[in-house]
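Trainee: This is the structure, below, for whatever I ask next.
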Amino acid sequence: MTCATTCVSTQPNANEPLSYEMMIQQVMDTLEKQQAAFEAESARLAAVLAERSASVERCKQLIAKTRRDQDRDIAVRMQHYAAELARVEREHAAKLKKLERKHQHSLQASWVERTLVDFEQAQHMHPVTPPPTPCDDGDECVLPTLPTPSTSNPLLAINPKNNPYLCQKYMPKDAVSWPMPPART
Numbered sequence: 001m002t003c004a005t006t007c008v009s010t011q012p013n014a015n016e017p018l019s020y021e022m023m024i025q026q027v028m029d030t031l032e033k034q035q036a037a038f039e040a041e042s043a044r045l046a047a048v049l050a051e052r053s054a055s056v057e058r059c060k061q062l063i064a065k066t067r068r069d070q071d072r073d074i075a076v077r078m079q080h081y082a083a084e085l086a087r088v089e090r091e092h093a094a095k096l097k098k099l100e101r102k103h104q105h106s107l108q109a110s111w112v113e114r115t116l117v118d119f120e121q122a123q124h125m126h127p128v129t130p131p132p133t134p135c136d137d138g139d140e141c142v143l144p145t146l147p148t149p150s151t152s153n154p155l156l157a158i159n160p161k162n163n164p165y166l167c168q169k170y171m172p173k174d175a176v177s178w179p180m181p182p183a184r185t
């Protein structure tokens, strides 16, 4: 029996070629599905790659545009700042000239003021001479004496801060005598 079973099993069966063909067909179907999936995945990845390449290109263009805009803005601002700096320098030069003119005028004014002070000093540099006396008969004449200012009498007290005639600016400094200031009212 063993031989009969072995012999029977070694002979080709009518169902077996069909099963091999089915297996081959199944493998072919599986390969076709895998190939279709691979092609679909390849197409999807190609689309993603194209999209990302386009995105990278857009970013490069945006960066280039931004750089051009920044360069243009920097150039405009530099021109603006240069114009502003030139304007400020012109104003500064004008103010400097004005100050120099004022200084020159003040020097001239101080020269005129010094000349006037010197003139006032020269006018008051004469020695004190007694006024002519009314008595010609040889009698001894008594000269009138001026009252001396005292601090107890507020009318006679002299405060140089309140009296414009006693301001140090207009007072002759080296004079021997000068007229008495008018009385305050």
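The sequence shown lines up with residues 1 to 185 when you count with our numbering.
Every residue gets a Cβ at the ideal spot worked out from N, C-alpha and C, and that includes glycine.
(1) Quick one: what does DSSP say P180 is sitting in, helix, strand or coil?
(2) Between Q25 and Q35, what straight-line distance do the alpha-carbon atoms span, to the nearest angstrom?
(3) What does the alpha-carbon distance come out to for the pair Y20 and M28?
(4) For A86 and H103, I'd like the C-alpha separation in whole angstroms.
(5) Taking just the CA atoms, how far does L96 sit from V117?
Mentor: With the structure as the only source:
(1) For the record, residue 180 in the displayed sequence is Met; it is not Pro. If DSSP states are grouped into helix, strand and coil, M180 belongs with coil.
(2) 15 angstroms
(3) 12 angstroms
(4) 25 angstroms
(5) 31 angstroms
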